[in-house]
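Have a look at the structure below before the remarks.
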Amino acid sequence: MKATQILMEEHRVIEGVLNSLEKAIQRMDAGVPVRPGLFLDAADFIRGFADGCHHHKEEGVLFKSMAAHGIPVERGPIGVMLADHELGRRYTRQMRAAAERLQAGEAEAAEDVMVNAGAYVELLRNHIFKEDRILFPMAGKAIPLPDQEKVLEGFDKVEHEETGEGIHEKYLALAQSLASEVEGLPQPERG
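According to my numbering, the sequence shown is numbered sequentially starting from 17.
Written out as structure tokens, the structure reads:
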């Protein structure tokens, strides 16, 4: 199913940001100074790309089509994915709030930044695995070919009409910027 291939390609971009967050957490935990704004930028990426574009395609288009073709929402795989999305939003809000406190000089907020960023990374890695390996193949089997084209049209509408022109590119650039910034951080001292 071509629509799920688009989502899987977006997963690779999201995983790049997860890698950046993971490395930033490791550096911060080892005492390497990490710019609080890195976590704010990551929260912007999550809100704008992972949630605003990617999850919008899933929730607003793919999951609705799957449900229309007999895949249960409540107590089913779609419900699990929706619960993950909500939990991810909560971790992101908490990471943002902690990063703002850290940026304002509250040093003890660093722990909250690391805990929430780490929880988000772990959640999304598992979430992506479940979608790529279980949910998307299920969608390919459940949704007939003509309706798969409608899913693609729905994705196009989200991409160009609902999220706005150039948004995708903006967040791809932000993901690359986060990766570059993390790669430029000093390596932790080895004991």
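Yeah, the Cβ is synthetic: ideal placement off N, Cα and C, and Gly gets one too.
In its chain, beyond the 5 residues on either side, M44, L118 have a beta carbon closer than 7 Å to the beta carbon of A126.
Using a C-beta cut-off of 8 Å, the segment 79-86 makes contact with the segment 162-173, since at least three inter-stretch Cβ pairs fall below that distance. DSSP places T108 within a helical segment (H, G or I) once states are collapsed to three. With 16 or more other CB atoms across the displayed protein chains lying within 10 angstroms of its CB, A115 is buried. Secondary structure note for Q164: its alpha helix (DSSP H) is the uninterrupted segment 161-173. Scanning H184, S193, A158 for the CA closest to the CA of L23 turns up H184. E199 counts as exposed, since fewer than 16 other beta carbons sit within 10 angstroms of its beta carbon. Closest in C-alpha terms to G134, from the list N35, K18, I87, comes N35. V77 and L201 do not touch by the CB rule: their CB atoms are close to 38 Å apart, not below 8 Å. Minimum Cα-Cα distance from A195 among the listed residues F55, T20, Q21 corresponds to F55. Secondary structure note for P52: its alpha helix (DSSP H) is the uninterrupted segment 52-61. DSSP places H70 outside any alpha helix (DSSP H), giving it a letter other than H or E. Cα atoms of C69 and V174: separation of roughly 7 Å, rounded to the nearest angstrom. Per DSSP, reduced to three states, the secondary structure at G76 is helical. In the displayed model, R91 falls within coil according to three-state DSSP, outside both helix and strand.
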